[in-house]
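Protein chains in written order, with our numbering: chain A, 24 to 253; chain B, 24 to 253. This report concerns only the one structure given below.
If you want it as structure tokens, here you go:
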């Protein structure tokens, strides 16, 4: 028997077939985790949406798992909740490790919590809290999208492909495999493929020039000492 | 006019043609930096060698730039000096950035301080102090060499090739491109190519036993808050 619906929820608000509108189990788990953190911090939907610079209906959809947040939106929600994007993503992995588990962890190329990213995917490369957060981004977006801005320092390394890294007033930098960049907290940053040109590396199996070049970057974000949740 | 030699140095100790025995300018700069740090900490050669688990004559050679330290040895010297391997390597790059320079830094694939590594090379991926230390290791060593052991947490990501990561009592792990591992401070670790040996597990695609496979890994090491040098 399903648990009763919260009596405070006006039934007119409830969509007719809510369970059918859940995007996928991962989105549902991330949404539930955001909602739990928000309630623990005694924030209303409106307050958290305002703090994250998102619309209230969008945040509601997100908490219900009816939509997937972009990585930028997830980053904003995490910052407003005093947590990290990685922690929110990690909530999407049911088999996360216990905090006291200090054994080495090995993550295969097909493992790790994944999040949406324009024309690609982000993958969190740890399963438990770490002194820094490594993530892998695979994409082929020609639109750089919104800027990420956060207080932590960050490091970006190009594994394959060619990336145009846009650092706002600090210029745009064309980075190829083996190139890297480090930028301090507060620096706006976003990136896109630089691969429609003929400089796409040779190991790509796509032969058509119509496709934007895919890239793979490793991003390591600083983790600041943070307050424990009450 | 060159500065006078320290009067405490016995002249019988000086090799007849010291300048000719310097391996390269980088080795000389790293050696000079180690010597300066050692003196600032009022340690004798014998004391530092003992703390680092190295022989006194080897350390003397190292300080004079007459030999290049392995990455493991450099790591030990750094730990005994209360600094980091990356900081010692960074001393080898004359154009290091000023500490107060907070602009983004872009490092090309052919840039960065380099250090020796068995059958390969290590490359430091920052030019200034960072909240974590990213390094790239390119090699083809079939001999895993000595274990690294340090108090900082570390993360390893395989960019290309196949690596056999040996974590001591925590087992050996065959990692392919896109795989990664994270291990806590105190965990012994070393790696070798997994391109040729027959003890490599089954998912290796290499068919020729002739050449050892080259790999490229990105290693990110935690930076602990450290005491300032007096």
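Glycine included, every Cβ here is placed at the ideal spot set by N, Cα and C.
Start and end residues, alpha helix (DSSP H) containing residue i
i	result
residue 62 of chain A	48-63
residue 110 of chain A	108-113
residue 80 of chain B	79-87
residue 69 of chain A	68-75
Distance CB(residue i)-CB(residue j) smaller than 8 Å
i	j	result
residue 216 of chain B	residue 186 of chain B	yes
residue 8 of chain B	residue 149 of chain A	Because chain B is modelled from 24 through 253, residue 8 of chain B falls outside the range shown and cannot be assessed.
residue 96 of chain B	residue 77 of chain B	yes
residue 145 of chain A	residue 138 of chain A	yes
residue 156 of chain A	residue 246 of chain A	yes
residue 54 of chain B	residue 88 of chain B	yes
residue 151 of chain A	residue 134 of chain A	no
residue 214 of chain A	residue 154 of chain A	no
Endpoints, beta strand (DSSP E) assigned at residue i
i	result
residue 157 of chain A	155-162
residue 128 of chain A	128-130
residue 189 of chain B	186-189
residue 215 of chain A	213-216
residue 99 of chain A	Run containing residue 99 of chain A: none in the beta strand (DSSP E); it sits in the alpha helix (DSSP H), 94-103.
residue 196 of chain B	195-198
Own chain partners of residue i with C-beta closer than 6 Å, once the 5 adjacent residues on each side are dropped
i	result
residue 237 of chain A	163, 184
residue 180 of chain B	203, 241
residue 136 of chain B	112, 113, 115, 116, 147
residue 244 of chain A	156, 175, 177
residue 235 of chain B	163, 165, 216, 218, 219
residue 60 of chain A	104
Strand pairing of residue i, partner residues [DSSP]
i	result
residue 177 of chain B	B/206, B/244
residue 183 of chain B	B/239
residue 171 of chain A	A/212
Cβ neighbours of residue i in the same chain (closer than 8 Å, five flanking residues each side left out)
i	result
residue 193 of chain B	206, 210
residue 98 of chain A	108, 171, 173
residue 90 of chain A	46, 50, 81, 84
residue 190 of chain B	196, 204, 206, 210, 211, 212
residue 58 of chain B	86
7 Å Cβ shell around residue i - same chain, five flanking residues per side excluded
i	result
residue 56 of chain A	111, 114
residue 102 of chain B	173
residue 66 of chain A	none
residue 248 of chain B	none
Residue i Cβ short of 7 Å to the ligand SAM heavy atom set
i	result
residue 127 of chain B	The ligand SAM is not part of the structure shown, which contains no ligands of any sort.
Beta carbon proximity, residue i to chain D, threshold 8 Å
i	result
residue 90 of chain B	Annotation note: the requested chain D is absent from the structure, which comprises protein chains A and B.
Inset, instruction - Could you run through the region 166-180 of chain B and flag, in chain order, every residue whose CB is less than 7 Å away from some CB of chain A? - result: For the region 166-180 of chain B, which is checked against every Cβ of chain A, the residues closer than 7 Å are 176, 178, 180.
Legend entry - Where the region 100-133 of chain A meets chain B: residues whose CB sits under 9 Å from a CB there: Within the region 100-133 of chain A, the residues whose Cβ lies closer than 9 Å to some Cβ of chain B are 125, 126, 127, 128, 129, 130, 131, 132, 133, listed in chain order.
Legend entry - Within 8 Å of chain B by C-beta, residues of the region 152-165 of chain A in sequence order: Answer set for the region 152-165 of chain A: 153, 154, 155, 157, 159.
Inset, instruction - Anything in the region 193-207 of chain B with a Cβ closer than 9 Å to a Cβ of chain A? List those residues in chain order, please. - result: Sequence-ordered contacts of the region 193-207 of chain B with chain A read 193, 194, 196, 198, 199, 200, 201, 202, 203, 204, 205, 206, 207 [C-beta pairs closer than 9 Å].
Legend entry - Near-chain B residues of the region 235-251 of chain A (beta-carbon distance less than 7 Å), N- to C-terminal order: Residues passing the 7 Å Cβ filter: 241, 243, 245.
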